Amino acid sequence: MRGASPDLVRRALGERDPLPGTAGFAGELDGRLVRDVLGRQPLFSERDDPERWSFDHRDLDDPVAVPAGHARETTGEAAGDDERVWSLPDPPAATDRDAALERVREAVFDSVQSVDDDGLAVAFSGGVDSAVVAAGVPDAPCYVAGFEGSHDVAAAREAAAAMDRDLAVVELTHEALERAVPEIVAALGRTNPMDVQIVLPLYLLAERVAEDGYDRLAVGQGADELFGGYAKVQKAPDDPRVEAETVRGAARELILTLPDQLERDLLVLRAAGVEPVAPLLHDRVVSAALPLPGQLLVDGDRRKVALREAASGVLPESVAEADKKAVQYGTYASRELDRLARQAGFKRRMENHVQRYVESLVE
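If you read the sequence shown in this note's numbering, its first letter stands for residue 4, the second for the next number, and so on.
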């Protein structure tokens, strides 16, 4: 069992408690494979033999992921059957603004300050998410990845200076992207360009962190989903990318996409040689975020309102209020992978030209 003790998971099963006070868990328990409600630990079993299982799909011939919040029988007539044992709570919106903000503040900083900084580095993009994480581990070194001139590198340098933190810049190159793509595809078992573009800078940053002697990487994953960081949440219900009729409903839609995203990120980070640490995905932070009303998620053009308010007074205002681009755009990873595809003869007029380029690198 990874991420929690067997006794704690056994209790969570008995009580059907989806948020029992962990940062996620998965593994085998009493003849069943179990994975926490947000899928914060990947778990797979062999399609025709669920007694064979692993945290890494590459260990299996025909792996099938255990869905988040489910238990999978490993033996008997029901072997391979999945049962939902935990569902994400759906509490009503909090009505006391100050109390909701205080709950977020306490949960976030209790979580980040409880992180052990032994062997730890921080993935630092200059946005409020990674800055909050970095504030909790003031002695851990900060790293940013990106092509020179990219938004993330510039933002990280400005934020690190404002926070008086040293920063190591992992400069991305075309050669590094071409080398990393097949390794990422092997770790993920996916070739779709969006997934590859998102994790390219993360993978190369993690490689550098491991080379520098650190074996754990603190990340700000989960904050955008939990606290309303996406433009499509801000624009709900007018954005066709979400079905919800409210900002709060749209944020919940995004939270429910976390299992697939976290599986992707964790598999890649482990392949690069580090173990991820995601304090903003701890159960206590999730519990504090779920009841937030829409106005504490988005207020006009300001997104992640509650998280920024929580960071006020802890981070410099310029950092707490900084806007951030999605990692694949902020690092130029998406732009430069597209450039490499076109240079290799995969023109934009061709259907799925970047994916075809990615597949050519794997071949």
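Ideal Cβ positions, reconstructed from N, Cα and C, are used throughout, including at glycine.
All values reported here derive from a predicted model rather than from experimental measurement.
Beta-carbon gap between residue i and residue j smaller than 9 Å
i      : j      : result
Leu203 : Ala221 : no
Leu207 : Ala179 : yes
Val69  : Val37  : yes
Tyr335 : Gly149 : yes
Leu367 : His73  : The structure shown has nothing for residue 367, since the chain only spans 4 to 366.
Ala15  : Trp89  : yes
Gly122 : Ala209 : no
Pro262 : Ala7   : no
Ala163 : Asp155 : no
Leu225 : Leu269 : A small fix is needed here, since residue 225 is Gly in this sequence, not Leu. Their beta carbons are not under 9 Å apart, which means Gly225 does not touch Leu269 by this criterion.
Glu49  : Thr78  : no
Ala134 : Ala323 : yes
Arg75  : Arg35  : yes
Pro9   : Leu41  : no
Phe349 : Leu300 : no
Glu362 : Leu175 : no
Leu22  : Ser290 : yes
Val2   : Ala159 : As displayed, the chain neither begins before 4 nor continues past 366, which places residue 2 out of reach and without an answer.
Arg100 : Gln237 : no
Ala265 : Gly27  : The sequence shown places Leu at residue 265, not Ala. Closer than 9 Å, so yes.
Ser315 : Ala165 : no
Arg352 : Asp341 : no
Asp85  : Asp120 : no
Ala281 : Gly223 : yes
Ala365 : Pro185 : Note that residue 365 is Val in the sequence shown, not Ala. Yes, the pair counts as a contact, with Cβ atoms nearer than the cut-off.
Range of the contiguous alpha helix (DSSP H) that encloses residue i
i      : result
Leu16  : 9-18
Glu266 : 261-275
Gly252 : 250-258
Val184 : 177-191
Glu210 : 196-214
Asp85  : No alpha helix (DSSP H) holds Asp85; the beta strand (DSSP E) holding it covers 85-87.
Val288 : 286-292
Ala234 : 234-237
Leu364 : 356-365
Arg295 : What sits at residue 295 in the sequence shown is Leu, not Arg. That residue, Leu295, is in no alpha helix (DSSP H); it is neither H nor E in DSSP.
Leu229 : 226-230
Residues near residue i by beta carbon distance below 6 Å, same chain, minus five either side
i      : result
Ala137 : Val125, Phe127, Cys145
Gly24  : Asp286
Lys328 : His154
Ala110 : Arg287, Val288, Ala291
Ala82  : Pro53, Glu76
Val245 : Lys235, Ala239, Ala253, Glu256
Asp39  : Gly27, Phe28
Pro279 : Leu220, Val222, Leu269, Leu272
Same chain, Cβ closer than 7 Å to residue i, neighbours up to 5 away in sequence not counted
i      : result
Gly192 : His60
Ala97  : Ala103, Pro294, Leu295, Pro296
Arg87  : Gly72, His73
Ile187 : Val199, Val202, Leu203, Tyr206, Val271
Ser57  : Phe47, Leu63
Asn195 : Gln358
Tyr233 : Asp227, Leu257
Ala190 : Leu270, Val271, Ala274
Arg5   : Phe28, Ala29, Gly30, Gln44, Phe58
Ala325 : Gly129, Gly130, Val131, Ala158, Ala162
Ser356 : The sequence shown places His at residue 356, not Ser. Only Ala344, Phe349, Lys350 meet the Cβ criterion.
Close Cβ partners of residue i (< 8 Å) along its chain, the five nearest in sequence each way excluded
i      : result
Val330 : Ser128, Asp155, Ile201, Pro204, Leu205, Ala336
Ala347 : Tyr360, Ser363
Asp241 : none
Pro95  : Pro294
First through last residue of the beta strand (DSSP E) which encompasses residue i
i      : result
Arg219 : 219-221
Val280 : 278-280
Ala29  : 29-32
Fill in: At least 3 beta-carbon pairs within less than 8 Å: the region 62-75 vs the region 107-118
At 8 Å Cβ cutoff, the stretches do not touch.
Ordered list of beta strand (DSSP E) runs contained in the region 111-171, each at least 3 residues = Counting only runs of 3 or more, we get 123-126, 145-149.
Which runs of the beta strand (DSSP E) fall wholly inside the region 35-81 and span at least 3 residues, in chain order?
Qualifying beta strand (DSSP E) stretches, in chain order: 35-38, 47-49, 52-57, 66-68, 73-76.
Exercise. Is the region 251-266 touching the region 305-315 in the sense that three or more CB pairs, one from each, lie closer than 8 Å?
Worked result: Segments in contact, no.
*Taking three-plus beta-carbon pairs below 8 Å as touching, is the region 264-276 in contact with the region 210-230?*
In short, these stretches touch, since the Cβ pair count reaches three.
*List in chain order: all unbroken alpha helix (DSSP H) runs of 4+ residues lying wholly within the region 304-351.*
Positions of the alpha helix (DSSP H) runs, each at least 4 residues long and wholly inside the region 304-351, are given as 308-314, 320-323, 330-333, 336-346 in order along the chain.
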